[in-house]
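Engineer:
Chains as they are written, first to last, in this note's numbering: chain A, 11 to 446; chain B, 44 to 312.
1. How would you list, in chain order, the residues of chain B whose beta-carbon sits under 7 Å from the beta-carbon of residue 76/A?
2. Does the Cβ of residue 129/A have 16 or more other Cβ atoms within 10 Å, making it buried, or fewer, making it exposed?
3. For residue 209/A, would you say it is in contact with chain B, using Cβ-to-Cβ distances shorter than 8 Å as the test?
4. Does any residue of chain A bring its CB to less than 8 Å from the CB of residue 201/B?
5. Whole angstroms are fine: how far does the CA of residue 23/A sit from the CA of residue 305/B?
6. Note down, in chain order, each residue of its chain lying with its Cβ closer than 6 Å to the Cβ of residue 48/A, except the 5 sequence neighbours on either side.
7. With DSSP run on the structure shown, which of helix, strand or coil describes residue 153/B?
8. In chain order, what residues of the same chain lie with their CB nearer than 6 Å to the CB of residue 143/B, ignoring the 5 residues before and after it?
9. For residue 11/A, go through chain B and note every residue whose CB falls closer than 9 Å to its CB, in chain order.
10. In chain B, which residues lie less than 9 Å from residue 59/A when you measure between Cβ atoms?
11. Which residues in the same chain as residue 178/A place their Cβ atom closer than 7 Å to its Cβ, once the five residues preceding and following it in sequence are excluded?
12. First and last residue of the alpha helix (DSSP H) that includes residue 370/A?
13. Residue 379/A bridges to which residues according to DSSP?
14. Cα separation between residue 249/B and residue 151/B?
15. Which residue wins for smallest C-alpha separation from residue 385/A, given the options 307/A, 264/A, 20/A?
16. Could you tell me which chain B residues have their CB closer than 9 Å to the CB of residue 26/A, listed as they occur along the chain?
17. Which residues, in order along the segment 249-279 of chain A, keep a beta-carbon less than 7 Å from a beta-carbon of chain B?
18. Do you know how far the Cα of residue 117/A is from the Cα of residue 134/A?
19. Within 10 Å of its beta-carbon, does residue 251/B have 16 or more other beta-carbons around it, so buried, or fewer, so exposed?
20. Verify the CB distance criterion: does residue 218/B have a CB-CB separation below 8 Å to chain A?
21. Using the beta-carbon count (16 or more within 10 Å), is residue 60/B buried or exposed?
22. For residue 106/B, return the contacting residues in chain A, with the cut-off set at a CB-CB distance below 9 Å.
23. Considering only C-alpha positions, which residue in the set 310/A, 437/A, 203/A is nearest to residue 422/A?
24. Measuring only the C-alpha atoms, how far is residue 368/A from residue 436/A?
25. Can you list the residues of chain B that residue 65/A reaches, using a CB-CB cut of under 9 Å?
26. Roughly how many whole angstroms lie between the Cα atoms of residue 31/A and residue 39/A?
27. For residue 58/A, count neighbouring Cβ atoms within 10 angstroms of its own Cβ and tell me buried if that reaches 16, exposed if not.
28. Express the C-alpha separation of residue 221/B and residue 237/A in angstroms, rounding to a whole number.
29. At a Cβ cut of 7 Å, what residues of the segment 103-117 of chain A count as close to chain B, listed as they run along the chain?
30. To the nearest whole angstrom, what separates the beta carbons of residue 80/A and residue 204/B, a pair I think is in contact under 8 Å?
31. When the Cα atoms are used, what is the spatial distance from residue 316/B to residue 159/B?
32. Can a CB atom of chain A be found closer than 8 Å to the CB of residue 56/B?
33. Label residue 118/B either buried or exposed according to how many other C-beta atoms from any shown protein chain fall within 10 Å of its C-beta, with 16 as the threshold for buried.
34. What would DSSP say about residue 415/A, mapped onto helix, strand or coil?
35. By Cβ distance below 7 Å, which residues in the same chain neighbour residue 202/A in space, the five residues on each side in sequence not counted?
36. Can you give the Cα-Cα distance for residue 403/A and residue 132/A, rounded to whole angstroms?
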């Protein structure tokens, strides 16, 4: 006897939506509206006071966005989700809901450059400080926890160096210290990895990337796991004590496994307002429908590119956890059995100059600041996505000037390789000129 | 709030307002393995509209001290003890699933204490599937997955939670998993399976009653709910279409509207 709840591929297409509640429309309607009619004064008051569910104003929630939220919650195994205008706004919303001025977070040093700067430069302006720890330094995360630490934050596979965090171990340490773990799982998508099944308490996605796949729309999301019990620690008074903004509501007492999402929406979306447009939510839903099919192709193409690059005379090194000599190989086998993702970092012989020549001479691969598009993308992080980081931060992130970040697309693999051959051929020329 | 019942600590949500002995009391009783969280879309309304609300965690559930009580009869008596512990004379009771059995038992044993009863997804008997019962008693999380599958109707399986962003099945499952599958859910399922007094208790009910039923309920099928209602002389019946067993969440708004009307009529402020 087994449960007959819907499985991943079915949820990708159907979760969060019932045509019978939407005039029979098979496709999810785009509710392009700012606000929603109340039945009467009592109904309005009940909605504003969280006495009943429903929509008030699209900054707080929207029916099209709600479908996306439930779909991602279903795919991640979460109790609730809250979609935002971008992945960065999901991160900011999460940290601002967890932390107050004077608090501290422990953060992996290998993150998207924008996230590094959020923790390094912007959050300190709000009195929230961070300690950066190298992703492979599992004990380092524990040692960095302070009395006022409110969470551990990281990307399972760090951007752009591809180093892995040992999430199960780090989560255990965090929970022993009474704090939650927040994982940005953009690189994996729930198809490859579900952080909530490995100890994470909250998951963040930039839905702009693989989840949507089409590279047309900005979107982010926060997913709650429902297992972190705020009432079992005194570290989070804003979750557990009466909140003046809702007539003395204790979010943790009233909402339990969805308390964090309820607070992030009721307070964060109300006060900061990083709402996702219904059109972009709809666009992302179109991508999610084909998530499994795309991720399989992304991963199979990535493995072929890893083999190609590893054997190429112009390549100094390749970082991808599928390689047997990669320090994360065994951990990746355990955590990522369906594939280690389609992000590859590699060093090009000839350093920065050769890297620039390579990028300027590939034609199929797009040179841009995004990842997870269905098209193959390349960038030189040290001069672009991570250029606002100082030398010390680049070193902590294990980033070198010869590094090229590759997001493998789902084109025909032969075409990607032929394109790279053109890039490598061009990359050799500056060195030949220099040698003369 | 936390208080003592029979010298053991009990937690109950008061719906976001302080407990006030001057206001009429409504006690909400959750289903097997669950907790006060399931009632949030009903309790806050009543708490802000003139009632004192206690959405209790049964012993050994949520934040109430254990162990879980092993029979429905004990649980019914325990609800009467709750009313005494908060120094009230009477209360209306609202139950869901197993909570309905507890309501029947309490209202039949202590008729003077009970003003009215609301039953959601109830039946006069809840015999358990032997395999599900065995899994729960062994503490196997598969029991939770099966329970969540059967407990939810179309809205639970596809989506469309009344509260934007919440996921029916994962939320319900987490409430049970965050407790104890073996020591809460397993004990509850055994208590339901053992309980044979539902219809006799129902016949003794004299206070106003309402049965709120989902026509897609697979845990306590509609015909069983109707059968229970037939045994309660005073019972009204409301059937919610396309709704499974988790009426209080799947169709929280409709459930609230029905309860509002019923309680206002039978236990006015």
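Positions of the beta carbon are idealized from the N, C-alpha and C atoms, including for glycine.
Structural biologist: Well, looking at it:
1. 207, 208
2. buried
3. no
4. yes
5. Annotation: residue 305/B to residue 23/A spans about 40 Å, alpha carbon to alpha carbon.
6. Leaving aside the five residues that flank residue 48/A on each side, the residues in its chain whose CB is nearer than 6 Å to its CB run, in chain order, 54.
7. coil
8. 162, 165
9. The answer, in chain order, is 172, 174, 175, 178, 185, 189.
10. Here the neighbours are 59, 87, 88, 91.
11. Cβ neighbours of residue 178/A beyond the five flanking positions: 208, 209.
12. Its alpha helix (DSSP H) spans residues 361-371.
13. DSSP lists no partner for residue 379/A.
14. 8 Å
15. Per the Cα distances, 307/A.
16. 201, 202, 203, 204, 210
17. Of all residues in the segment 249-279 of chain A, only 257, 258, 259, 263, 264, 265, 266, 267, 268, 271, 275 place a beta-carbon less than 7 Å from a beta-carbon of chain B.
18. 13 Å
19. buried
20. It does; some Cβ of chain A falls within 8 Å.
21. Classification of residue 60/B: buried, given that the 10 Å Cβ count is 16 or more.
22. 241, 263
23. 310/A
24. 6 Å
25. 207
26. 11 Å
27. exposed
28. 6 Å
29. none
30. 7 Å
31. Absent from the structure is residue 316/B, since the part of chain B shown begins at 44 and ends at 312.
32. yes
33. buried
34. strand
35. 305, 346, 348, 349, 351
36. 15 Å
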